[in-house]
Amino acid sequence: MSKIAFVFPGQGSQTVGMCKAFYDEYAVVREIFAEADAALGYSISKMCFEGPASDLQLTANTQPAILTASTACGAVLKEHGISCAVAAGHSLGEYSALVNVGAMKFADAVVAVHKRGQFMQEAVPVGQGSMAAVLGLDSDKIVEICKAVEAEMGAAVQAVNFNCPGQVVIAGAVDPVNKAIEALKAAGAKRAVLLPVSAPFHSTLMQPAADRLAEVLAPMEIKDITIPVVANVNALEVTSGEEIKKLLIKQAASPVLWETSVRNMVANGVDTFVEVGPGKVLTGFTKKIAKGMTALNVEDPASLEKTLAALKA
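In our numbering, each number is its position in the sequence shown, counted from 1, plus 237.
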């Protein structure tokens with residue numbers, strides 16, 4: 238018997254039209270989108286299916302849109318009798334994972350990530366923060382260079398997403414990020430490229446967003462769970478609702494330890510990873526981190542069919 242992990246994508250995986258084929262085919266998907274629209278007070282469904290892309294790319298919309306699409310894909314898998322032994326999600330995807338295993342109510346999660354997106358956007362004025370992907374350099378070296386630049390300039394730049402071997406994302410204030418890019422290239426990075434995002438996610442500059450998020454999450458019920466979720470903050474399994482809430486608050490201004498999370502799941506016996514939601518970003522990471530493991534995805538009827546066939550085999 239294979240041990241299955243469901244992994245849920247984060248920001249950047251959104252596309253106009255995502256989940257529309259499932260919406261047309263499954264009543265449970267239509268219910269999820271209707272619930273999202275009601276909880277948010279505007280039509281995230283219309284934005285997901287019709288765009289425009291410029292609206293879908295606004296962080297406060299992207300986060301609930303991906304959560305809704307991922308939750309819908311998870312519901313389709315459930316309808317086919319497929320569940321996981323453990324779950325994890327990249328950044329925003331952690332909320333999708335928590336909904337999937339029953340820790341959070343979907344309506345609560347969709348409101349929380351909408352606010353989270355708003356708070357992250359408002360924490361640093363547009364144009365004052367940036368992020369860059371660094372390719373082909375050892376992660377320890379990247380951390381070391383960022384710390385040196387930060388100390389020299391007295392402004393934030395940090396390694397914030399440890400995605401897979403050879404891919405780390407840095408974030409911070411514009412000038413330190415640009416200076417770090419030069420230093421990283423000089424140290425042998427194959428590439429260091431600015432990302433088209435509007436805020437320095439997961440850096441210490443996001444602390445105001447984390448503080449505001451704490452107020453939103455405080456009254457929300459997060460239940461203890463039997464299927465563990467691997468937290469971004471420490472790459473460890475968590476099942477306590479109280480602990481989950483603390484980690485979600487911390488997560489907004491802390492690095493995403495994705496590579497370690499996947500390695501820890503493999504060490505705990507996972508041999509099959511199913512990316513649940515739009516895109517194949519995490520599937521690509523899995524193939525680089527856990528070579529030889531089965532990496533599947535479910536985002537539309539074609540990928541569902543392929544995944545069901547692979548799991549039955």
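Glycine included, each C-beta is placed from N, C-alpha and C at the ideal position.
Just so you know, these numbers come straight off a predicted model, no measurement behind them.
Output the residue ranges of the alpha helix (DSSP H) runs that lie fully inside the region 459-529 and measure 4 residues or longer, sorted by chain position. 478-488, 495-504 and 518-526
Once you ignore the five residues that flank Lys528 on each side, which residues in its own chain have a CB closer than 8 Å to its CB? none
Check whether the region 431-441 and the region 359-368 are in contact - that is, three or more C-beta pairs closer than 8 Å. yes
In three-state DSSP terms, what is Val253? coil
Beta-carbon proximity check, Val394 vs Cys383, cutoff 7 Å: yes
Answer with yes or no whether the minimum CB distance from Leu314 to chain C is below 7 Å. The chain inventory of the structure shown lacks chain C, comprising one protein chain alone.
Helix, strand or coil for Met457, going by three-state DSSP, please let me know. coil
For Val475 and Ala334, what's the separation of their Cα atoms in angstroms? 12 Å
Taking just the CA atoms, how far does Ala325 sit from Val518? 14 Å
Output the distance between the C-alpha atoms of Val499 and Gly247, rounded to the nearest integer angstrom. 15 Å
Determine whether the beta carbon atoms of Ile191 and Ala423 lie at a separation below 7 Å. Nothing about residue 191 can be read from this structure; the chain reaches only from 238 to 550.
Residue range of the alpha helix (DSSP H) that includes Ile303: Thr296 to Glu316
Can you find at least 3 beta carbon pairs, one from the region 242-260 and one from the region 307-315, that sit closer than 8 Å? yes
Would you tell me roughly how many angstroms separate the C-alpha atoms of Gln181 and Asn469, rounded to the nearest one? What is shown of the chain runs 238 to 550, which leaves residue 181 out entirely.
Got a sec? Which residues, its chain only, sit under 6 Å from Met457 by beta carbon, not counting five neighbours each side? Asp345
Run the CB neighbour count on Ser440, radius 10 Å, all protein chains shown included, and call it buried at 16 or more, exposed below. buried
Would you list the residues sitting across from Asn398 in a DSSP beta bridge? Val406 and Val493
Tell me the DSSP secondary structure of Met368 in three-state form. strand
With Ala396 and Val380 assumed to form a contact (beta carbons below 8 Å), what rounded beta-carbon distance in angstroms separates them? 5 Å
Have a look at Gly409, Cys401, Asn400 and Ser376 and flag the residue whose alpha-carbon is nearest the alpha-carbon of Ala388. Gly409
Look at Val361 and Ala297 and say whether their C-beta atoms are less than 7 Å apart. no
Ignore the nearest five residues each way along the sequence and tell me which others in Glu512's own chain have a CB closer than 6 Å to its CB. Val244, Leu519, Thr520 and Asn534
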